[in-house]
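K.L.:
Structure in structure tokens, see below.
Protein chains in written order, with the working numbering: chain Z, 1 to 274; chain U, 1001 to 1300.
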């Protein structure tokens, strides 16, 4: 992650204007086709042909029949899960990363390995083993929506770890801590007033990417028979594919917005440290 | 687990026991427990159930079922689908990365492409299935366009969108963005000095790419290719949303085994299928780790 601006301006040969825009234009057009197709699909006016905005107006004014209440509830569930997963990340992962960075450098490789492990274990494999685990959880703690966040905390681990670790690498944690300690700060003060403010960009980026992953999650929820945004979309799509596609387009747009924010936060970090 | 910490406990040599109680190791215990319970235990259970029959006795029957033609065809389809989409995705994605050389990383073009790539690579899943039903479904935009304007029926030999071939296009749609995300840093790590050295010695742009750029990037490219393969191989949502009954690829076979209990007349087949998937993933990720080591040689 060498964010040296201008490093590529000289040296490495840049593609010609024609090559650049030829490639980007072609790939861009191809990738736009399914999006255009979805928009066209939602505007179709049934058998008589022609186009209308009726369905978009129905969705955007929340004028849906009671049969779509499941969708609203599922969006609520997904938001609860997103919040609970981020909380889990902040409470369990972040303190561990700080402790390892400061006090247990010999565990850094182990922590990295563990956090990146979920990339190699497909969610569909994890769910085979999660089914019995959730059997026990349901008996002990009930089957509240939030319990699924315990599994989601694992699948966001690689993304959250990378976001926070790149921030930890960019600031000199040891020097900051020693400076604060030698000026008489207690450990809670060091964490609350020195480390957390410096880690804010990484924590925010980690939180946003976790939210995006949780809102897009389908495999685990579907196979554990839980309801979230994605499983509800599949159900709604069977009744009324138009509504499902409209919600899809809106979610994609929201997700792009979310990731643009992450990008802006990321650039904030590199600018400050370089 | 060692509690000896050269830096943290150095100033208090006398209070050995107190040092152990206040040891920073305790700080990682909650996280370790959590990961054990929700990553270690489920993985062990998933792999373990493959060796257990309906009554809980040890058996190799389920693992032997991995040789069943039905399961073999699932793994073959999964591997071919992942390989084909990984190669196409890697080539197209690398081309886009090449086209982006020299653009400002913080400019609007790169920010936009980064955000869109992130969404399509990580968030898509179910929604990509809808997108392709709207595009090349029976009443899809492109299907209708080709049929009415050009007289071409893409489903002349039957509807293939809901079978394994129908997964190729949606998978490419998330593979290319993933390639852009993971391969761009490797391209950015190419040192300008190498190009200058090559130019000073009379090398052309073609010489630079052929003699320096491509050999240096080869390990990263192959590594990214492997990650793309792993990504497609473990992907479930798109396929599941496209077909509610299909069992063409391994993840769908696991779904069938989990929901019907008696796929191939065997219980706990899901565990054996999961074991098979983990073996494939372990091989791929081990190769990836090797290539990463090789690639990092040039990224210091």
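For glycine and all other residues, C-beta sits at the position ideal for the given N, C-alpha and C. Predicted, not measured: the structure shown is a model, and the values here were computed from it.
(1) Within the same chain, show all residues whose beta-carbon is closer than 8 Å to that of residue 1152(U), passing over the 5 residues directly before and after it, in chain order.
(2) What are the partner residues of residue 44(Z), as DSSP defines its beta bridges?
(3) Exposed or buried, residue 188(Z), counting other C-beta atoms within 10 Å across all chains shown (16 or more means buried)?
(4) Kindly confirm or deny that the stretch 38-53 of chain Z and the stretch 1210-1220 of chain U touch, where touching means at least three C-beta pairs closer than 8 Å.
(5) Regarding residue 1260(U) and the ligand COA, is the C-beta to nearest heavy atom distance less than 6 Å?
(6) So who's on the other strand from residue 208(Z), going by DSSP bridges?
(7) Is there a C-beta anywhere in chain Z that falls below 7 Å from the one on residue 1171(U)?
(8) Please classify residue 5(Z) as buried or exposed, where buried requires at least 16 neighbouring CB atoms within 10 angstroms.
(9) Would you list the residues sitting across from residue 1052(U) in a DSSP beta bridge?
(10) Is the Cβ of residue 179(Z) closer than 7 Å to any Cβ of chain U?
(11) Go ahead and pull the three-state DSSP assignment for residue 1246(U).
(12) Could you name the residues of chain U that residue 141(Z) contacts, counting a contact when the two beta carbons are closer than 9 Å?
(13) Measure from the alpha carbon of residue 115(Z) to the alpha carbon of each residue in 94(Z), 211(Z), 131(Z), then state which is nearest.
(14) Residue range of the alpha helix (DSSP H) that residue 120(Z) falls in?
(15) Does the beta carbon of residue 1208(U) come closer than 7 Å to any beta carbon on chain Z?
(16) Between residue 1283(U) and chain Z, is there a C-beta pair that is closer than 7 Å?
(17) Chain Z beta carbons: is any one of them nearer than 7 Å to that of residue 1031(U)?
(18) The alpha helix (DSSP H) that contains residue 154(Z), what's its start and end?
(19) Against chain Z, does residue 1295(U) count as a neighbour if the rule is that its beta carbon must be under 7 Å from one of theirs?
(20) Buried or exposed: which applies to residue 1012(U), given that a residue is buried once 16 or more other Cβ atoms fall within 10 Å of its Cβ?
(21) Could you tell me whether the Cβ atoms of residue 97(Z) and residue 210(Z) are closer together than 7 Å?
(22) Please check if any C-beta of chain Z sits within less than 7 Å of the C-beta of residue 1249(U).
(23) Would you say residue 1236(U) faces chain Z, with C-beta separation under 7 Å as the test?
(24) Out of 1239(U), 1240(U), 1273(U), which one is the CA nearest neighbour of residue 1254(U)?
(25) Let me check understanding here. Comparing Cα to Cα, which of 260(Z), 105(Z), 20(Z), 243(Z) lies closest to residue 169(Z)?
(26) If contact means a Cβ-Cβ distance below 9 Å, which residues of the stretch 1121-1136 of chain U contact chain Z?
(27) Closer than 8 Å by beta-carbon distance: list the chain U residues that pair up with residue 153(Z), in chain order.
(28) For residue 90(Z), does the three-state DSSP call read helix, strand or coil?
(29) Within 7 Å of any Cβ in chain Z, is that where the Cβ of residue 1158(U) sits?
(30) So, does the stretch 1185-1198 of chain U touch the stretch 1165-1176 of chain U, judging by three or more C-beta pairs under 8 Å?
(31) Using the Cα positions of residue 20(Z) and residue 1117(U), report the straight-line distance between them to the nearest angstrom.
(32) Since residue 1270(U) and residue 1257(U) should fall inside the 8 Å C-beta cutoff, what is the C-beta to C-beta distance between them, to a whole number of angstroms?
(33) Closer than 7 Å, CB to CB, is residue 1145(U) near chain Z or not?
(34) Whose C-alpha, out of 226(Z), 231(Z), 163(Z), is nearest the C-alpha of residue 204(Z)?
(35) Would you be able to state if there are at least three C-beta pairs under 8 Å between the stretch 244-263 of chain Z and the stretch 1125-1143 of chain U?
(36) In three-state terms, what does DSSP make of residue 169(Z)?
P.N.:
Inspection of the coordinates gives the following:
(1) 1146.
(2) Note: residue 44(Z) is bridge-paired with 51(Z) in the DSSP secondary-structure output.
(3) Its Cβ having fewer than 16 others within 10 Å, residue 188(Z) is exposed.
(4) No, they do not touch.
(5) Questions concerning the ligand COA fall outside what the structure shown contains, since it holds no ligand whatsoever.
(6) For residue 208(Z), which the question treats as bridged, DSSP gives no partner whatsoever.
(7) With 7 Å as the cut-off, residue 1171(U) does not count as an interface residue toward chain Z.
(8) Residue placement at residue 5(Z) cannot be trusted, given a pLDDT of 42 that sits under 50; the coordinates are not used to answer.
(9) Secondary-structure assignment with DSSP links residue 1052(U) through a beta bridge to 1058(U).
(10) Chain U contact via Cβ: absent.
(11) Judged by DSSP in its simplified three-state form, residue 1246(U) adopts coil rather than helix or strand.
(12) What residue 141(Z) touches in chain U: nothing, since even the nearest Cβ is about 13 Å away.
(13) When only C-alpha atoms are compared, the closest one is 94(Z).
(14) Segment 108-120, the alpha helix (DSSP H) holding residue 120(Z).
(15) Closer than 7 Å to some Cβ of chain Z, the Cβ of residue 1208(U) qualifies, so yes.
(16) For residue 1283(U), the answer is no, since every Cβ of chain Z falls outside 7 Å of its Cβ.
(17) Yes - at least one Cβ of chain Z is within 7 Å of the one on residue 1031(U).
(18) 148-155 is the extent of the alpha helix (DSSP H) around residue 154(Z).
(19) No, no contact with chain Z.
(20) Low local confidence applies: a pLDDT of 44 at residue 1012(U) is under 50, so the model's placement there is unreliable, with the coordinate-based value given in what follows. Exposure of residue 1012(U) is indicated by the presence of fewer than 16 other C-beta atoms within 10 angstroms of its C-beta.
(21) Not closer than 7 Å, so no.
(22) Residue-level contact check: residue 1249(U) does not touch chain Z, since none of the beta carbons of chain Z fall below 7 Å from its beta carbon.
(23) Closer than 7 Å to some Cβ of chain Z, the Cβ of residue 1236(U) qualifies, so yes.
(24) Measuring from the Cα of residue 1254(U), the nearest candidate turns out to be 1273(U).
(25) Looking from the CA of residue 169(Z), the closest CA among 260(Z), 105(Z), 20(Z), 243(Z) belongs to 105(Z).
(26) Going along the stretch 1121-1136 of chain U in chain order, one finds 1122, 1123, 1124, 1125, 1126, 1127, 1128, 1129, 1130, 1131, 1132, 1133, 1134, 1135, 1136 with a Cβ nearer than 9 Å to chain Z.
(27) By Cβ distance, chain U contributes 1034, 1038.
(28) Helix at residue 90(Z).
(29) Not a single C-beta of chain Z is nearer than 7 Å to the C-beta of residue 1158(U).
(30) Touching, no.
(31) Near 18 Å, if we compare the C-alpha coordinates of residue 1117(U) and residue 20(Z).
(32) That belief holds up - the Cβ atoms of residue 1270(U) and residue 1257(U) are roughly 4 Å apart, short of 8 Å.
(33) Put simply, the CB of residue 1145(U) is far from chain Z, with every gap to its CB atoms at 7 Å or more.
(34) Ranked by how close their Cα comes to the Cα of residue 204(Z), the residues 226(Z), 231(Z), 163(Z) have 163(Z) in first place.
(35) The stretch 1125-1143 of chain U, when compared against the stretch 244-263 of chain Z, does touch it at the 8 Å Cβ threshold.
(36) Residue 169(Z): helix per DSSP, three-state reduction.
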